[in-house]
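A.B. asks: Residue numbers (this note's numbering): 363 to 455.
Here a beta-carbon is modelled for each residue, glycine too, at the ideal position from N, C-alpha and C.
Since the model is a prediction, treat every value here as computed from it, not as a measurement.
1. Determine, using beta carbons only, whether residue 419 and residue 445 come nearer to each other than 9 Å.
2. Taking the continuous alpha helix (DSSP H) assigned at residue 402, which residues delimit it?
3. Alpha carbon to alpha carbon, what distance is there between residue 429 and residue 411?
4. Excluding the 5 residues preceding and the 5 following residue 398 in the sequence, name in chain order all residues of the same chain whose CB lies nearer than 8 Å to its CB.
5. Mark residue 372 as exposed unless 16 or more other C-beta atoms lie within 10 angstroms of its C-beta, in which case mark it buried.
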């Protein structure tokens, strides 16, 4: 089974663009892996245009959920790793 990686970049759109090659490197190093980018709602269209990202997790929809629901949602991806390119204190908990 190929691993899933969550790449967290919940900040400015330009920084998200600069982070997209991380997804490309993961695809190169782990062929067949799944990459899910965690970002803000206004970055979704940019992320959707990236061929290296398989899915988008909207942090603006995740954070209002109760803590247990947030944890369940993140665990549902069965990620091999969460890569915090830009640390987000609430998400890192």
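C.D. replies: Answer, in terms of the structure:
1. Here residue 419 is taken as the residue at index 57 of the chain shown, counted from 1. Here residue 445 is taken as the residue at index 83 of the chain shown, counted from 1. No.
2. Locating residue 402 in the chain shown gives position 40, counting from the first residue. Per DSSP, residue 402 belongs to no alpha helix (DSSP H) and is neither H nor E.
3. On the chain shown, residue 411 is found 49 positions in, with the first residue counted as 1. On the chain shown, residue 429 is found 67 positions in, with the first residue counted as 1. Each residue's Cα considered, the two are about 30 Å apart.
4. Residue mapping note: residue 398 aligns to position 36 of the chain shown, counting from 1. Answer for residue 398: 366, 367, 368, 369, 415, 416, 417, 418, 419, 439 and 441, listed in chain order.
5. In the chain shown, the residue the question calls residue 372 occupies position 10. It counts as buried.
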